[in-house]
Every structure is written in C-alpha cells, then in structure tokens.
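Asks:
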Amino acid sequence: MTHYRARIIGSGSYLPERRLHNDELAGRLDTSDEWIFSRTGIRERRIAAADQFTSDLATAAARQALAAASVAPDQIDLILVATSTPDLIFPATATQVQYKLGCHRGRAPAFDLQAVCTGFIYALSVAEKFIQSGSCRHALVIGAETFSRAVDWTDRTTCILFGDGAGAVVLRAEPITAAHHHPPGILSTHLHADGSYIDLLKGSGGYSQRAMPVLGLDQETNVAGVQMRGNEVFKQAVKALDEIVDETLVANQLTRTDVDWLVPHQANIRIIQSTAKRLGMEMDRVVVTVDRHGNTSAASVPLALDEAVRDGRIQPGHLVLMEAFGSGFTWGSALVRW
Ligand code: UT7
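Here is the structure:
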C-alpha cells in the first residue's frame, strides 16, 4: 500500500491596495502611531475595497499559488478556506472560491474551517490528513480575512490591530519512498483548543445568539464587533506558543538550532519575539509582516510564508516552523521541510 506525504508545491498571497497607516487612525481615535507601534509593532494594515469580499481576496491568493505550483484549477480535488470573516454565514466561502476559480464542474469538496487566527494551521493539518489517506492528490488551502468588516472602528483597543488579506498554498500528495533521506513535505502538525477562554476574545455575528422577540425569545447575547481582554490574551498566547514549539521539536526529535525559519502568526511583535527567544533564534530568521499587515488572523501565516518564499529567504531543504494562536482559544503548529 502506498503512503503519502503532503508537500507544499506553491504559495500565493493577496493584499488589498488601500493602506491604513497608524497616523490616519490617530486622526480619528484617541491613539497614536507611537502607542500602536511600541505596543504591537504595527505601522499600517490593508483594508479591502467596498466591493471586495473575503472570497475575492482568497481567489486572488489562490490564483497565485496555483500558478506557482503549475497546477490548473481543475486539478484541485479539495478546497479549504480558513476564515472567521466569511462572505456569508452560509454557503461556505470555499464554495465561492471554487466557483470564482472556475473549477466547480469538477465538484471537488470545498468547505470553510473556523479556528480564527489558528485557522490556516488547522486547515493545513486537515488537508494533510486527506492527502495521507490517499483521498486527495492536490489540495488548495487558503487563509483569508476581511477583519476590517468585523471590528468596531470606535474601539481603539481592538480596531488598531487588524487588517485584511489572504494567503494560499497548494499541497500535492507525494508517495513516501525509502530513497529520499530528507524528503520535502509536512513533517508534523499539532493542534489544540481550550474553549473555556471564550470571554477573553470573541466576535459577533452568529445566528444562534440573536433575540427573536416575535417568538418570545428576547435574550440577545450577541456581542458587538471584536471583544478582547488584550493583556490576558497576550499572556496565554506566549505560554501556549512556548509549549507548542517544544511539543513540535520533541515530536520530530529536533533541537532548536535545527529550525531554519519561524513563520509565526502576526498578532504582536512582542509575542513573536518571545517565541523566537524560546527557540534561541535571532530575529533575522523570523518572518515578520505585522508592521505592514497588522493581524490578518487566518491569513497571517500564509501571507508571511509566501513573502519569504517569493523573496528567496526560504529555500529547498529548509526547515520551516509555522505557529499560531487565536480566539477559542485555539493554537497549533506545522513543521515543514521545504
Ligand atoms: O491574534 C489573536 C491573539 N491576539 C493577540 O495575541 C493579542 C494579544 N494582546 C496584545 O497584543 C496586547 O495586549 C494589546 C496590543 C492588545 C494591548 O497592549 P497592552 O500592552 O496589553 O495594553 P493594555 O491593554 O494593558 O492597555 C494599556 C493602556 C490602557 O490605559 P490605562 O488603563 O493604562 O490608562 C489602555 O486603555 O493603553 C490604553 N490603550 C490605548 N492607548 C492608546 C488601549 N488601546 C490603546 C490605543 N491607543 N489604541
């Protein structure tokens, strides 16, 4: 029986044109470029145009990834979109991406996965399982968000953090043979969640928590925008990411010096620096985009990955550690040999 490994054979990304600098926010809110940059590392973020939806950002990133992989849309037999800002609650944004790519006639399964900022890592892990089981040859895995539509733009504690964008990878099933000593591909993924932390970070929009006074159900529990107790989230993020880094290294019998590149979730430069320290890595081996993208939630890891692949930092044979932490809480990692 043939066993398969999932290999990333192409990546792509998309950022909306509109840049929103801290100075512009400081003109509207009681904040400053100095406060935002020193606390988060963010200078600017991108904002989707009025007629751009998450599926549009996702489709643009997917097209780039398909071109990089030299794979035609109709060769894709699985589409996963990690997002917490879908076009609609249903149908899944992934089905619209499939349609926009023009590969709907193949009827490949397409679904969304919601693990907030850890969404891309979760989706990568799910696609890897499809490939390992032999039920999929080419998978398209996308992280895409329009968080600018979710935040409350009068709340300075959250709106300054987020941005819009999308990143994508194409995975291919490669038979595992004894011939190649260090074959490229996903070496392991590690996923965790702890739902007891819901009140530290949550967003609005679910049907289920709406009031329905017409039926005598007037209990509205939906929150407005994004609600976060930033300081407490920060502490939990640092702790969980330290643990996941250790777990990933132990599972692969590696030491800290074996990792060539850290591609972290881009929520806060201080969280990224803390994880790099745990790995004993200098910051020049860490891919940082938070200064230009802000926190793009599920899009942040594939956006950073694509940037480092395209500018030539990540090279064949390199060991790349991706990690993320987000609302839920959810957290996870993926170790990949490029
Ligand atoms: O991606 C999912 C995971 N999310 C994260 O990992 C986010 C984790 N948390 C963080 O990144 C940080 O906690 C923040 C950047 C959100 C906040 O930084 P902080 O250093 O934890 O600040 P703080 O919340 O403790 O607030 C310090 C002060 C407060 O004023 P007082 O109470 O000390 O007078 C805030 O009201 O800063 C004030 N403040 C602001 N001041 C200027 C909060 N937001 C702003 C702002 N501009 N935008």
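So the sequence shown is numbered by this note's numbering: it starts at 0 and just counts up by one. C-beta: ideal position from N, C-alpha, C; glycine also. Just so we're clear, the structure is a prediction, and the values are computed from it rather than from any experiment.
For G40 versus V289, is the C-beta spacing smaller than 8 Å?
Replies: Yes, the Cβ-Cβ distance between G40 and V289 is below 8 Å.
Asks: Does the pairing of the stretch 8 to 18 with the stretch 147 to 164 give three or more beta-carbon distances under 8 Å?
Replies: As far as the Cβ criterion goes, the stretch 8 to 18 touches the stretch 147 to 164, which means the pair count is three or higher.
Asks: What first and last residue would you give for the beta strand (DSSP E) that runs through G202?
Replies: That run of the beta strand (DSSP E) goes L200 to G202.
Asks: I want to check one thing, is the minimum distance from the CB of V244 to the heavy atoms of the ligand UT7 below 7 Å?
Replies: Not so, every heavy atom of the ligand UT7 lies at least 7 Å from the Cβ.
Asks: Apart from the five residues on each side of it in sequence, which residues of its chain come closer than 6 Å, Cβ to Cβ, to G9?
Replies: If we look at G9 and ignore the five residues flanking it on each side, its Cβ neighbours are A64, A67, A68 and V169.
Asks: Once DSSP output is grouped into helix, strand and coil, what is the label at S37?
Replies: Looking at S37 - three-state DSSP - the assignment turns out to be helix.
Asks: Tell me whether D29 sits in a helix, a strand or coil according to DSSP, three-state version.
Replies: It is coil, neither helix nor strand.
Asks: Can you tell which of L304, V225 and L160 has its C-alpha closest to the C-alpha of D198?
Replies: Among L304, V225 and L160, the Cα nearest to that of D198 is on V225.
Asks: Contact between the stretch 179 to 193 and the stretch 111 to 126 is defined here as three or more beta-carbon pairs at a separation below 8 Å; is this criterion met?
Replies: Segments in contact, yes.
Asks: Three or more C-beta pairs under 8 Å: does that hold for the stretch 231 to 245 against the stretch 207 to 218?
Replies: No: the two stretches stay apart, fewer than three of their Cβ pairs being nearer than 8 Å.
Asks: Looking only at its chain, what residues have a beta carbon closer than 6 Å to the beta carbon of D259, apart from the 5 residues adjacent to it on each side?
Replies: These residues qualify, in order along the chain: H317 and L318.
Asks: Report yes if the C-beta of N21 is less than 7 Å from at least one heavy atom of the ligand UT7; otherwise report no.
Replies: Incorrect: N21 has no Cβ contact closer than 7 Å to the ligand UT7.
Asks: Return the chain-ordered list of same chain residues with a C-beta closer than 6 Å to the C-beta of V140, the five sequence neighbours on each side being excluded.
Replies: So the list reads L79, A122, L123, A126 and V168, once near-sequence residues are dropped.
Asks: Between the C-alpha atoms of N267 and T1, what's the straight-line distance to the nearest angstrom?
Replies: About 42 Å.
Asks: Kindly list the residues whose CB is nearer than 7 Å to the CB of S210, restricted to its own chain and excluding five residues on each side of it in sequence; keep chain order.
Replies: In the sequence as displayed, the identity of residue 210 is Ala instead of Ser. Within the same chain, A210 has close Cβ partners L216, D217, Q218 and E219.
Asks: Pull up the distance between the alpha-carbon of A143 and that of S83, whole angstroms please.
Replies: If you take the alpha carbons of A143 and S83, they lie about 8 Å apart.
Asks: Please name the residue, chosen from A57, F129 and I130, that lies closest to Q95 on a Cα-to-Cα basis.
Replies: Checked all of A57, F129 and I130; the closest Cα to Q95 is A57.
Asks: Tell me the DSSP bridge mates of H20?
Replies: Per DSSP, E43.
Asks: Just to check my reading of the structure: L261 and T274 have Cβ atoms closer than 8 Å, yes? What is that Cβ distance to the nearest angstrom?
Replies: Sure, about 7 Å apart at Cβ, within 8 Å.
Asks: Relative to the C-alpha of C135, which candidate in I75, H181 and P90 has its C-alpha closest?
Replies: Of I75, H181 and P90, the residue nearest in Cα terms is I75.
Asks: Give, in chain order, every unbroken run of the alpha helix (DSSP H) that is at least 4 residues long and sits entirely within the stretch 209 to 256.
Replies: For the stretch 209 to 256, whole alpha helix (DSSP H) runs of length 4 or above, ordered along the chain, are 229 to 250.
Asks: Using the C-alpha atoms, what's the distance from L302 back to A61?
Replies: Taking the straight line joining both Cα atoms gives about 12 Å.
Asks: Assuming G162 and T53 are in contact, meaning their beta carbons sit under 8 Å apart, how far apart are those beta carbons, in whole angstroms?
Replies: That belief does not hold up - the Cβ atoms of G162 and T53 are roughly 13 Å apart, past 8 Å.
Asks: Residues bridged to E322 by DSSP?
Replies: Note: E322 sits in a beta bridge opposite P263 and S332.
Asks: Is the beta carbon of A165 closer than 8 Å to that of A59?
Replies: Yes.
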